[in-house]
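Everything in the sequence shown is counted per the working numbering, starting at 243 for the first residue and increasing by one. Heads up, the beta-carbon is just placed ideally off N, CA and C, and yes, glycines get one too.
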Amino acid sequence: MHILPTLILVLFVILSSTLSAQAQDKLIARGAYLTEGILGCGNCHTPKSDNAEAISDMKFAGAFVITEPGLKAYASNITMDIETGIGSWSDEEIIRSIRDGIRPDGTLIGPPMPSPFFREMSDNDVRAVVAYMRTIEPVSNVVPASEYTIPLPPTYGPPVSKVADVPRDDLLAYGTYLTVALGHCTECHTPMVEGMHDFTRTNEGGRIFENIFGLGYTLVARNITPHPELGIGDWTNDEIKRAITQGISRDGRQHLAGMAYPYYATITDEDLDAIIVYLRSVDPSPTD
243 MHILPTLILV LFVILSSTLS AQAQDKLIAR GAYLTEGILG CGNCHTPKSD
293 NAEAISDMKF AGAFVITEPG LKAYASNITM DIETGIGSWS DEEIIRSIRD
343 GIRPDGTLIG PPMPSPFFRE MSDNDVRAVV AYMRTIEPVS NVVPASEYTI
393 PLPPTYGPPV SKVADVPRDD LLAYGTYLTV ALGHCTECHT PMVEGMHDFT
443 RTNEGGRIFE NIFGLGYTLV ARNITPHPEL GIGDWTNDEI KRAITQGISR
493 DGRQHLAGMA YPYYATITDE DLDAIIVYLR SVDPSPTD
């Protein structure tokens, strides 16, 4: 006489487990899209060969050197290796390192890690990133400590608490979120003055990266404001999309490696449309 209630309970447990697994799969898929796409994490955290190709068996294992005035930064090992990576960190510790730039031991993660921009990453997206990172193969790789001769701030701001998702039907808000908080495009394309971004000249370009990623050449971030002559104001949407996803300029020139083109190639058309709405909304710079 107790068979029916027991059967219902079993079915409920199976259904709950299935829904939970589906939700986790969806979370990991979103994390994969972000991490392997617009966030471009592997562009810094996966070492490159001499021809700028990612070394596949060192995925996210770090030790990539980034040199700028005042710093020599080594991208950290962000695989789940317990000893040399972040495998011993809790989800909350990883989230704090991404958005607050604070390691579990309380030390600050310096530039070029774009934590000041990642602070606006939504709770759901940052948890998706962590869920995906948990699936990455651990790689044992000891990474040297980064070296700074520029002063680092004690923090990048108050501890991040809750960040809501940005509605996708608001193209400007969502495009701003994609471009600034996730893609951190303004991090490279906005000029620096005494180690700080000059946001009165957002996206104006001109920032110099000498021997970028140790590849032997110097890059200058271009003007991506809507300025008609100096920026991308006269570019078509398709030309902007091609530049982002393929690294091909309006005149057909192939850009040098530096921007995360292999990762940006996976950005959906829907997200690219929103990014373009944001790019066209910024004031043309320099102003007359």
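Query	Result
Three-state secondary structure assigned by DSSP to residue 306	coil
Assigned exposure category for residue 406 - 16 Cβ within 10 Å defines buried	exposed
Residue 461 versus residue 262 - alpha carbon distance	46 Å
Residues near residue 481 in its chain [Cβ-Cβ closer than 6 Å; skip 5 each side]	492
Option nearest residue 312 by Cα separation, candidates 399, 390, 444 and 477	390
Opposing strand residues paired with residue 344 [DSSP bridges]	350
Identity of the residue in 341, 380, 355 and 347 nearest residue 362 by Cα	341
Distance CB(residue 353)-CB(residue 315) smaller than 8 Å	yes
Close beta carbons around residue 415, own chain, < 8 Å, minus the five adjacent residues each side	408 and 409
Per-residue burial, residue 281 [other beta carbons within 10 Å of its own, 16 or more giving buried]	buried
Residue 433 versus 476, 365, 464 and 394, residue with shortest Cα-Cα distance	464
For residue 496, the residue or residues it bridges with in DSSP	490
Residue 523 versus residue 447 - alpha carbon distance	16 Å
Within 8 Å, strictly: CB atoms of residue 327 and residue 380	yes
Beta bridge counterpart(s) of residue 314 as assigned by DSSP	309 and 389
Contact belief for residue 309 with residue 453 at Cβ below 8 Å, rounded distance in angstroms	6 Å
C-beta contact flag for residue 357 and residue 348 at 8 Å	no
The region 363-370 in contact with the region 290-299 per 3-pair CB rule at 8 Å	no
C-alpha distance - residue 317 paired with residue 285, whole-angstrom precision	10 Å
Minimum C-alpha distance to residue 458 - residue among 382, 377, 337 and 498	498
8 Å contact criterion, which residue 455 and residue 306 should meet: CB distance rounded	6 Å
Cβ neighbour criterion (16 or more within 10 Å) applied to residue 479	exposed
Minimum Cβ-Cβ distance from residue 426 to chain B less than 8 Å	In the structure shown, chain B does not exist; there is a single protein chain.
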